[in-house]
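Chemist:
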Amino acid sequence: MDEMRWVREEIRENIDYEGLVWDFPCDSDIFDGYVELMVEAACCSKETVHICGQDIPTAAVRSRFLKLERGHILYVQDLLLQ
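For the sequence shown, the working numbering begins at 43 and goes up steadily by one.
1) Output needed for E60: all residues of its chain with C-beta closer than 8 angstroms, excluding positions within five of it in sequence on either side, in chain order.
2) Kindly indicate which three-state DSSP category Q119 falls into: helix, strand or coil?
3) Once DSSP output is grouped into helix, strand and coil, what is the label at D74?
4) By the DSSP assignment, the beta strand (DSSP E) with D97 in it spans what residues?
5) Classify I57 as helix, strand or coil using the three-state DSSP reduction.
6) Just the Cα atoms here: how many angstroms apart are R112 and N56?
7) Considering Cα atoms alone, identify which of L116, L121, L122, M46 is closest to D65.
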């Protein structure tokens, strides 16, 4: 299995993607966007990823994204819908 596919599956499992889509079917495209953005950043081939004006080591970005859970996604979703 290639790296991006593994990371995508891991992120989807960690955030309970299927449960999120089940509970919020109208937001499935948004959840897909979150997942793809995290996968792209986590699998970046550069040594660092530029986020909020800072260069952060790609390994640290990957580690952080792989630690996210459903509650984190719901928190962000709630903030964006306010």
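C-beta: ideal position from N, C-alpha, C; glycine also.
Every value quoted in this text rests on a predicted model; they were computed, and no experiment measured them.
Modeler: Concretely, from the data shown:
1) R54
2) helix
3) helix
4) 96 to 99
5) coil
6) 7 angstroms
7) L116
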